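A short worksheet on the structure shown next.
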Amino acid sequence: MKTLQSLINEAKKIVVLQADNPDGDSLASSLALEAILSDMDKDVILYCGVDMPGYLRYMKGSDRVVKILPKTFDLSIIVDTSSLLLLETLQKSNELGWLKTKPCIIIDHHATESTIDFAAVEHIKPAVSTGELIYDLCKDNDWPLPLDAAEHIASSIMSDSLGFISESTSADSMRIIAELMDKGVSLAKLDAARREYQKKQPELLTYKSELLKRVKYSEDKAVAYITIPWKEIEKYSPLYNPSMLVIDEMRQVIGVKVAVALKSYPDGRVTAKLRANYGFPVCDKAAEQFGGGGHPYASGFRVTDGSSTDDVLAKCLQAISDELAKAKKDNQ
Numbered sequence: 000m001k002t003l004q005s006l007i008n009e010a011k012k013i014v015v016l017q018a019d020n021p022d023g024d025s026l027a028s029s030l031a032l033e034a035i036l037s038d039m040d041k042d043v044i045l046y047c048g049v050d051m052p053g054y055l056r057y058m059k060g061s062d063r064v065v066k067i068l069p070k071t072f073d074l075s076i077i078v079d080t081s082s083l084l085l086l087e088t089l090q091k092s093n094e095l096g097w098l099k100t101k102p103c104i105i106i107d108h109h110a111t112e113s114t115i116d117f118a119a120v121e122h123i124k125p126a127v128s129t130g131e132l133i134y135d136l137c138k139d140n141d142w143p144l145p146l147d148a149a150e151h152i153a154s155s156i157m158s159d160s161l162g163f164i165s166e167s168t169s170a171d172s173m174r175i176i177a178e179l180m181d182k183g184v185s186l187a188k189l190d191a192a193r194r195e196y197q198k199k200q201p202e203l204l205t206y207k208s209e210l211l212k213r214v215k216y217s218e219d220k221a222v223a224y225i226t227i228p229w230k231e232i233e234k235y236s237p238l239y240n241p242s243m244l245v246i247d248e249m250r251q252v253i254g255v256k257v258a259v260a261l262k263s264y265p266d267g268r269v270t271a272k273l274r275a276n277y278g279f280p281v282c283d284k285a286a287e288q289f290g291g292g293g294h295p296y297a298s299g300f301r302v303t304d305g306s307s308t309d310d311v312l313a314k315c316l317q318a319i320s321d322e323l324a325k326a327k328k329d330n331q
């Protein structure tokens, strides 16, 4: 089997893919690879099966991500996921078969087991973000690290570490940030750009208040949850992800251990975001029961078998209940 480095050396045209649930880490990692590989005289195309969320557009280059997989390329690199389920758009468009005919590299920091079975090389290891792995690859393989790539790696780490406060943030994470700052990265500048783009339209404040009124609880108020129908997704998603408007506030309720936000779509899909408070690292295990995954404190999944939102919610709440019980037993 060829090595990661040899695959990149031999490729001229490379497509970098994100999953169908792009976030700060996946986009920043893609942009970092674009800058690094372009410096190595590679032709790089950025792909994602869905539109970039509005809150990510503060990252310069987000508008270069395309929704059509190029017909010709030598190598694909999948970042921030090793789940085949999260490449659903490629499966529906029958482009996944085309992807399988070319060499592929996976770079992912999640601890969940890979379900992508066609990758030539997997670079999967636990870390706070995929950007951290890309930084290590730069050092190990003597890749160039231009300032824009360094900024994107810093954004990746800041995003998935929740501003360096997540349990996954390690001493290595902080050392990488220090080295990036030595190269000229300004964290204040990056955060200022992020905050500017996170300003919300006035109608979102009204909508947020309506969502908060609909929050419900289970497990003696240990779990807060909400469901969001398609008509609201269609109306407000261009402005902001409805789930992200309220999920952090849901976690701030006294006694709440886990917050859940479900969204339903007209094609029968149901997606879920799970966020847990410190001391209750159950999100990834609960999401894995639905083919999803992520971090112990932040994960997600999607169901595409036609199950109703109520059915998915009931099973999700049961999965969280089971994992909370296991965590309590382990702690004892």
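Per numbering that gives the first Met the number 0, residue 0 is the first one in the sequence shown, and the count goes up by one each step.
Even for Gly, the Cβ is constructed at its ideal location relative to N, Cα and C.
None of the values given here were measured: they were computed from a predicted structure.
(message) Just to confirm before moving on: does the CB-CB distance between Ala-271 and Val-281 stay below 8 angstroms?
(response) Reading the sequence shown from its first residue, position 272 is the one you call residue 271. Reading the sequence shown from its first residue, position 282 is the one you call residue 281. Contact flag unset, no.
(request) Would you identify the three-state DSSP class for Val-245, choosing helix, strand or coil? (result) Against the sequence shown, residue 245 aligns to sequence position 246. Note: Val-245 maps to helix in three-state DSSP.
(message) According to DSSP, simplified to helix, strand and coil, what is Ser-217?
(response) Residue mapping note: residue 217 aligns to position 218 of the sequence shown, counting from 1. Note: Ser-217 maps to strand in three-state DSSP.
(request) Evaluate the contact criterion for the region 212-229 versus the region 165-180: three or more CB pairs, one atom per stretch, below 8 angstroms. (result) Verdict: no, contact absent.
(message) If I follow the unbroken beta strand (DSSP E) through Lys-101, where does it start and stop?
(response) Counting from 1 along the sequence shown, the entry for residue 101 is found at position 102. It is not in any beta strand (DSSP E) - Lys-101 carries neither H nor E in the DSSP assignment.
(request) Under 7 angstroms Cβ to Cβ from Thr-308, same chain only, skipping five residues before and after it: list those, please. (result) Taking the sequence shown and counting its residues from 1, the one referred to as residue 308 is at position 309. Closer than 7 angstroms at Cβ, skipping near neighbours: Thr-226, Leu-261, Ser-263 and Val-269.
(message) Quick check on Arg-301: does DSSP put it in helix, strand or coil?
(response) On the sequence shown, residue 301 is found 302 positions in, with the first residue counted as 1. Correct three-state label for Arg-301: strand.
(request) With Val-311 as the anchor, note down where its alpha helix (DSSP H) starts and where it stops. (result) Along the sequence shown, read from residue 1 onward, the residue named residue 311 stands at position 312. In the DSSP assignment, Val-311 falls within the unbroken alpha helix (DSSP H) covering 308-330.
(request) Select from Ile-164, Val-302, Ala-326 and Lys-327 the residue whose C-alpha is nearest the C-alpha of Cys-315. (result) Taking the first residue of the sequence shown as 1, we reach residue 315 at position 316. Among Ile-164, Val-302, Ala-326 and Lys-327, the Cα nearest to that of Cys-315 belongs to Val-302.
(message) Using only the alpha-carbon positions, how far apart do Gln-90 and Pro-69 sit?
(response) The count along the sequence shown starts at 1 and reaches residue 90 at position 91. The count along the sequence shown starts at 1 and reaches residue 69 at position 70. Rounded to the nearest angstrom, the gap between the Cα atoms of Gln-90 and Pro-69 is 15 angstroms.
(request) Would you grab the beta carbon distance between Ser-81 and Thr-114 for me? Rounded to a whole angstrom, and I think it's under 8 angstroms. (result) Within the sequence shown, residue 81 is the residue found at index 82, counting from 1. Within the sequence shown, residue 114 is the residue found at index 115, counting from 1. About 7 angstroms; that satisfies the 8 angstroms criterion.
(request) Taking Ser-29 as part of the alpha helix (DSSP H), name the residues at either end of that continuous run. (result) Mapped onto the sequence shown, residue 29 falls at position 30. Here the alpha helix (DSSP H) through Ser-29 covers 23-38.
(request) Let me know if Asn-240 comes out buried or exposed under the rule of 16 or more other beta-carbons within 10 Å of its beta-carbon. (result) Taking the first residue of the sequence shown as position 1, residue 240 is located at position 241. Classification for Asn-240: buried.
(request) Identify which residue in Lys-230, Lys-220 and Gly-305 has its Cα closest to the Cα of Leu-323. (result) As a first step, residue 323 is located in the sequence shown; it is residue number 324 there, counting from the start. Per the Cα distances, Lys-220.
(message) Only counting the same chain, and skipping five residues up and downstream in sequence, which positions put a Cβ closer than 7 angstroms to that of Ala-153?
(response) Against the sequence shown, residue 153 aligns to sequence position 154. Closer than 7 angstroms at Cβ, skipping near neighbours: Ile-176, Leu-179, Val-184, Leu-186 and Leu-189.
(request) Mark Phe-72 as exposed unless 16 or more other C-beta atoms lie within 10 angstroms of its C-beta, in which case mark it buried. (result) Taking the first residue of the sequence shown as 1, we reach residue 72 at position 73. Counting the other Cβ atoms within 10 Å of the Cβ of Phe-72 gives 16 or more, which makes it buried.
(message) Give me, in chain order, the residues of the same chain whose beta-carbon lies closer than 8 angstroms to that of Glu-131; leave out the 5 immediate sequence neighbours on both sides.
(response) As a first step, residue 131 must be located in the sequence shown, where it is residue number 132. These residues qualify, in order along the chain: His-108, Ile-152, Ser-155, Ile-156, Asp-171, Ser-172 and Ile-175.
(request) May I ask you to list the residues that DSSP assigns as paired with Leu-89? (result) If you number the sequence shown from 1, residue 89 lands on position 90. Beta-bridge analysis with DSSP links Leu-89 to no other residue.
(request) Classify Ser-369 as buried or exposed, calling it buried when 16 or more other Cβ atoms lie within 10 Å of its own Cβ. (result) Coverage of the chain is limited to positions 0 through 331, which leaves residue 369 absent and any answer about it impossible.
(message) As a quick exercise: from Leu-312, Gly-305, Pro-295 and Ala-326, pick the residue whose alpha carbon is nearest that of Ala-126.
(response) One-based indexing of the sequence shown puts residue 126 at position 127. Of Leu-312, Gly-305, Pro-295 and Ala-326, the residue nearest in Cα terms is Pro-295.
(message) Can you tell me which residues form a DSSP beta bridge with His-122?
(response) As a working mapping, residue 122 is identified with position 123 in the sequence shown. Note: His-122 sits in a beta bridge opposite Ile-106.
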